[in-house]
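A short write-up of the structure that comes next.
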Amino acid sequence: MPDAALTNEPKSIVCDGNEAAAWAVSLAKPDMVAVYPITPQSSLVEYVSQFIADGKIDADLMDVEGEHSVMSVLHGACLAGARTYTATCGPGLYYMFEPYVRTPGMRLPIVMSVVTRDGLTPQSVWGGQQDAMMLRETGWIQIYCESVQEVLDSLIMAFRIAEHRDVMLPVNICHDGNYLSYGVTKVFLPEQEMVDDFLGDKDTNWHVALDPDRPMSVDPLTGGEGPGGPSTFVRYRQGHCAGMQNALRVITETHEEWERKFGRCYAPLIEEYRLDDADYAIVTIGSMSGAGKDAVDVAREQGQKVGLIRVKTFRPFPMEALRNTLTKVKAIGVVDRSVSFAWNCGPVFQEIQAALYQLKERIPAISFIGGLAGSDITGEHFARVIEATGNQLAGDMTESPVWLNENE
Amino acid sequence: MEQTKYLIAGCSHAALSALNSIRMLDQDGSLTLVTKDDHLPYSPTVLPYIVSGQSKPEKVKLRDDEFFAQNKVNFISGAGLSTLDVDNNSVTLQNGQEWQYEKLLLATGAAPAIPPIPGLTDTPYHVLRTMDDAVNLHAALESAKSAVVLGGGLIGMHAAENLIKVGVQVTIVEMRPQVLPGYFDAEAAKIIEQTFIENGVAMRIGNTVVGAAPDGEGAKVSLDSGDEITADLLLVCTGVAPVISYLEDGPVETDQGILVNDCMATNIANIWAAGDVAQAVNFYSGEKSVGGILPAAVEQGRIAGMSMINDPAINPYPGGVPLNTYGFFGNQAISVGVSDENALPKDTEVLLNVNEEEMTYQKILIGEGCLLGISGINTDFDPGIMWQLVLQRVDLEPVKEEFLSNPTDTGRDLMSRTWR
Amino acid sequence: MGHSHNTIAFHQDKCDGCGECMTVCAGAKSGTADTLHSRLKIVPSIAANDSFELALCRQCGDPKCVLNCPSGSLTKNHKTGVVPWDAEKCVDCLLCTVGCAYGGITYNAAAGHVMKCDMCDGDPACVKSCPTGALEYNRSAEIYNNYGELEDLFVPGLAACQGCNSELLIRHTMRKIGSNAVVATPPGCIAGMGTVGFNGKTGSKIPVFHPLLTNTASMLAGAKRYYNRIGRDVTMVALAGDGGTVDAGFQSLSGAAERGEQMLYICVDNEGYMNTGMQRSGSTSFGSWTSTTPVGETLHGKTQDAKNMPVIMMMHNCEYVATASLAFMDDYYEKLDKALAAAKRGMAYLHVYSPCPTGWRIPSESTNEVCRKAVETNFVTLWEFAPDEGLRFTHSTDDPLPVEEYLNLSGKYRHLDDAQLTHIENSVERKVAFLNGFMLATSDDGAESLAQ
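Chains as they are written, first to last, in the working numbering: chain A, 110 to 517; chain B, 2 to 421; chain C, 146 to 597.
Here it is in structure tokens:
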């Protein structure tokens, strides 16, 4: 951990993704951070705790007795008006699930890192996106990062997205366990004043509060068959869906503003890599995208007209952006780092199938599943992915799913 | 025309008790209290003590302006009821004001009944029913050396005692064979009469006045025995009659007084009556009768007020029971219920203890295991508890021996166990 | 009117008829020891040997003695509650004694006047003299008045079951705490009766919310920390059931207590999941019928003892822990005050036994009697604990009534056999012995007892 003095923070540092996240938290100035350790998130909360101990972050540190209480104390604090942050993954996430699923319904703009980890069971402490993918229908916003720098930048942006009055929803910034959590690289630190200006004053409980100065009932029983029950409940659901749709616009605007202010540009929803003249493309999510892009470069050198599509915002699902992208190619291969047991494929693949249905012309697609339980997705793997995806153009179909690491 | 939700005519015990009940449930409804008297509320019972000077008029008021202000009572004195228009729910007062009410309580009390004695109208005499009467009588004592009191009822006896205490020579004339009939039997009355005689009061019991005439500043009365008594003062205390003249020819049903049911309601909607003016049911006979009993006025006023306000806790009037506490020359006579067994069935149990030397007397009447009446002179019991034993018809059989030998402690024990 | 007053209460079962009260009263009021001058009268009961009855002025709210008085010498002082007698105005007519059905104002032949109790200006001599505690100066009216003047912070018409006293508990509790508070009512009867409201309509005038069954203490802790951070002193209150406290909510409560989170946590213990149909909880007592510990051929109610939650909370770094029963409201109010003070420093935990007329199968009018009997049989013990002061009983555990007198009141114990009864008796004794041992080891009272 760098021991930088407060008065002279470095403009750039060398750190891993967990530390980068901690720096982002320090810049976003939350009022409260609740922590409970779990691999591979632990060093993140250790960094945050140390920052708070050192006075780098002026926040209440609540080191509570479990993830369930982590999210619960943030609920209380957020309802009282606090800007809040936490991080977890894997079993911790599953344990947090009860208050977790309640967060977006109360429209609490809580920001949480998911340092992704493969699911139980078999018991595993290594990376994989099974935990994050289990959160798909909880109503949280979910953004997947490719790089350590993107972890830092996205986390700061997350507070602005979450607190936007057209959104008012919690945000998960997902970064891959092992690969991003422990991957060390050089990152640039934004200036505090600029971040302050970018985020503005916190705005967390104007709409729902536990505040004696604004007494209200928070989350009364709603629904049932009584008068106004069904319609009230439907209005809550419609509002939540509208907030998710608004988020697509707000995420985009926030990334544009970020680029203007800080000079770093990210595709907010769907990133296109070497797609303009591509015949086919592979689809990636998270940290594997770097290796995927390298593999595309190699294939391009070999004359393959292949590109890469990276899903950055997975929730809300950027249907329109994805549809526009998919129309540019004639075949795809989707690489997932987790499993949809029900559909016998990867979850990203499963959802992209739904987008494909909206295209004028049907294009073939293959589901690849790799990188489970900390295993690497190498250039070699991607070469196989690119080859099989391209073969579809010639009518050579591969049966899904393809388990990339099954023989390792 | 002025409007009021509650109009109460009268301002003595029944009226104030009703006011109390109304304000229990309705603290804000407009309430107007009208009285023909010019004074703040007082009790006629206290007047003999004004006469003697033991009490001062300004000390005996039952309520004051502060009370009326606190309880939002519009108090109009010096203006009794003049007429009543039941069709319009309105009254006119003696001062000419017209008032429309939603609910009206008639608690106009009683006034002295003046017997048709030849010559009396031309003779100066006093009565004792109002504060002004008492103040006048007290003033007259300055020059008076002697007085004759017509009537051996409570007021006459009280007045006589208070007169003799300030040095006036007093004669009491009572046409009936004993004093205080209805409250005490002849034997008890004898003890009381004897005490008066011992204290210097001339008692003319069983004598009827057949004539009256002025005698200088004073008066002279002639008795059926042929005797003539002259005195500086003539005080007529021969009973009272309900004040109902304003109801003459109206639809409100009257007999001796205003006839009421067990909620003190009259036959006319929105009109109640209570106290000395009301003719309510008697506990023993079931017949309706008038009676000037203070605790009964309080009880009737309470029930009338509860009925006027539709208080769900109301219980019907159980009926009037004779009640009397009477102090004379340092002695205490108390009677609750029936005192004369001659009016009762033959199997009534009578316990009588008389000790003339000690001047004690006690009679207990029990019928069908229940207390019918208890009276005593210089003996000890709690009349309030006894009243409840009568009304609740508490079975005394299991404790009869103890009750007859010690009604006080036994009564307290029964109270504590039965309705504590 | 609308105002209550303290009274002298008579506990007949404790009176041995010694008459000391009468001697002291006569002395205080007339300077003699002659009990004829006593304003209260103890009389032997004819109905039962060695039993005594009392005649004493009740200081009636609507006194008939006052209405009967023709001279204005008797009045009702609505401030003090006393009916004073003014000797100067009295004309000795005794009509007041006709009005009193209680023997409360009586003629004192020796003095030649009536006499009555004047409550000794709020410090009655008789009460102080009573060696057995049969006379008690009951200040509950004073407390009720104080509470009555405070604002009710819940809406009218909360839908608690008939006879349930939890509504009384929460209304009075919040009257005391006031509106500068955040109230959590997790799923259970208190939320079920409508405190948080339905479909956009609230059930209270203060910030109130449904936490999850599992996270009441955590949510309150988070809100409290933030208010502390911004310098606002807001009181956090949990009104939770036993399921949300001893079972599913236990972890978050345990963590919050360990961290010293500042809140008042009130567990309203009706010994089961009553709101959802009377299922067993960790707080359900041994032998109880519930819908998941039914009574049949082979099962006869719950086969385990209840978790002793207040004792567990004593071991949790709490600033204050106490048990309460609504049959002893004065005791509860005192503990509530202490708990509120403690909640400014850390966790304050109140465990309130709250019989469920519906689920326990007791007549709705006997809830309070069940509360009382629970304490009088030691089935429930009333005590308080603070780290510096140790444990102190607020209701004696000596000479308890047989526990059957409590068990017989509830249908949920109707099926108990002798073995089950013995188990309960033993377990009650064990719990009391444990607490007594703890008391001896921790409190000054205990130290004194040990020294003796």
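Where a beta carbon is used, it is the ideal one built from N, C-alpha and C, also for glycine.
Residue of the options minimising C-alpha distance to residue i
i      : options                        : result
C/L554 : C/A486, C/S509, C/A173         : C/S509
C/F583 : C/D562, C/F538, C/S183         : C/F538
B/F392 : B/V337, B/P408, B/L353         : Note on identity: in this sequence residue 392 of chain B is Leu, with Phe being the wrong assignment. Cα-wise, what sits closest to B/L392 is B/V337.
A/D388 : A/N514, A/G395, A/A440, A/E128 : A/A440
C/A403 : A/A129, A/I394, A/E174         : The residue asked about is misnamed: residue 403 of chain C is Glu in this sequence, not Ala. Ranking A/A129, A/I394, A/E174 by Cα distance to C/E403 puts A/E174 first.
C/N310 : C/N513, C/A193, C/M458, C/A393 : C/N513
B/S53  : B/G168, B/V87, B/E103, B/G227  : B/G168
A/H316 : A/V343, A/P339, A/E272, A/G338 : A/E272
B/A281 : B/I315, B/L48, B/I245, B/G320  : B/G320
B/N208 : B/R177, B/D216, B/K221, B/A214 : B/R177
A/A376 : A/A390, A/I394, A/D386         : A/I394
A/G236 : A/T148, A/S449, A/A186, A/Y204 : A/T148
B/F130 : B/N89, B/L236, B/L106          : The sequence shown places Arg at residue 130 of chain B, not Phe. Here the closest residue by C-alpha is B/L236.
Range covered by the alpha helix (DSSP H) that runs through residue i
i      : result
B/S236 : At residue 236 of chain B the sequence reads Leu, which differs from the Ser that was named. No alpha helix (DSSP H) holds B/L236; the beta strand (DSSP E) holding it covers 234-237.
C/H210 : Note that residue 210 of chain C is Cys in the sequence shown, not His. 209-213 is the span of the alpha helix (DSSP H), which, as asked, contains C/C210.
A/N127 : 126-137
A/K370 : 338-371
A/T212 : 199-214
C/S218 : Here C/S218 belongs to no alpha helix (DSSP H), and DSSP marks it neither H nor E.
Helix, strand or coil at residue i [DSSP, three-state]
i      : result
B/Q333 : strand
B/N262 : coil
B/F382 : coil
A/W512 : strand
A/V457 : helix
C/F473 : coil
A/M110 : Bear in mind that a pLDDT of 46 at A/M110, under 50, signals an unreliable position, so the model cannot answer this.
C/T503 : helix
A/N117 : Unreliable positioning characterises A/N117 in this predicted model, as indicated by a pLDDT of 47, which lies under 50. A coordinate reading is not provided.
C/M146 : Here the model assigns C/M146 a pLDDT of 40, short of 50, so the residue's position is not dependable, and the following value carries that caveat. If DSSP states are grouped into helix, strand and coil, C/M146 belongs with coil.
B/K6   : strand
A/I394 : coil
C/S555 : coil
C/N344 : coil
8 Å Cβ cutoff, residue i in contact with chain E
i      : result
B/P384 : Any reference to chain E falls outside this structure, whose protein chains are A, B and C.
The beta strand (DSSP E) enclosing residue i, as first and last residue numbers
i      : result
A/E381 : 379-382
B/F284 : Careful: B/F284 lies outside any beta strand (DSSP E) and carries neither H nor E.
B/I173 : 170-175
A/T422 : 422-424
Residue i vs residue j beta-carbon contact at 8 Å
i      : j      : result
B/A323 : B/G183 : According to the sequence provided, residue 323 of chain B is Pro. The question's Ala does not apply to it. Yes, the Cβ-Cβ distance between B/P323 and B/G183 is below 8 Å.
B/V136 : B/T172 : no
A/L261 : A/W132 : yes
A/I265 : A/P218 : no
B/G240 : B/A108 : no
B/E175 : B/I198 : no
C/L536 : C/A469 : no
C/K350 : C/S324 : yes
Going along the stretch 232-266 of chain C in order, which residues come within less than 9 Å of chain B, judged by CB to CB distance? E233, K234, V236, D237, C238, L239, L240, C241, T242, V243, G244, C245, A246, Y247, G248, G249, I250, T251, Y252, A254, G257
Below 7 Å between beta carbons is the criterion; list the residues of the stretch 359-372 of chain C that meet it against any residue of chain A, in chain order. Listed by position, the residues of the stretch 359-372 of chain C near chain A (Cβ gap below 7 Å) are T359, N360, S363, M364, L365, A366, G367, A368, R370, Y371, Y372.
Any residues in the stretch 214-229 of chain C with a beta carbon nearer than 7 Å to a beta carbon of chain B? Which ones, in chain order?
-> P215, S216, G217
Listed in chain order, which residues of the stretch 208-237 of chain A have Cβ atoms closer than 8 Å to some Cβ of chain C? P208, R211
Q.
Which residues of the stretch 331-344 of chain C have a Cβ closer than 9 Å to any Cβ of chain A? Give them in chain order.
A. A336, G337, G339, T340, V341, G342, F343, N344
- prompt: According to a CB-to-CB cut-off of less than 7 Å, which residues of the stretch 149-177 of chain A neighbour chain C?
  reply: D169, M171, V173, E174, G175, H177
- Which residues, taken in chain order from the stretch 178-195 of chain A, show a beta carbon closer than 7 Å to some beta carbon of chain C? S178, S181, V182, L183, H184, G185, A186, L188, A189, G190, A191
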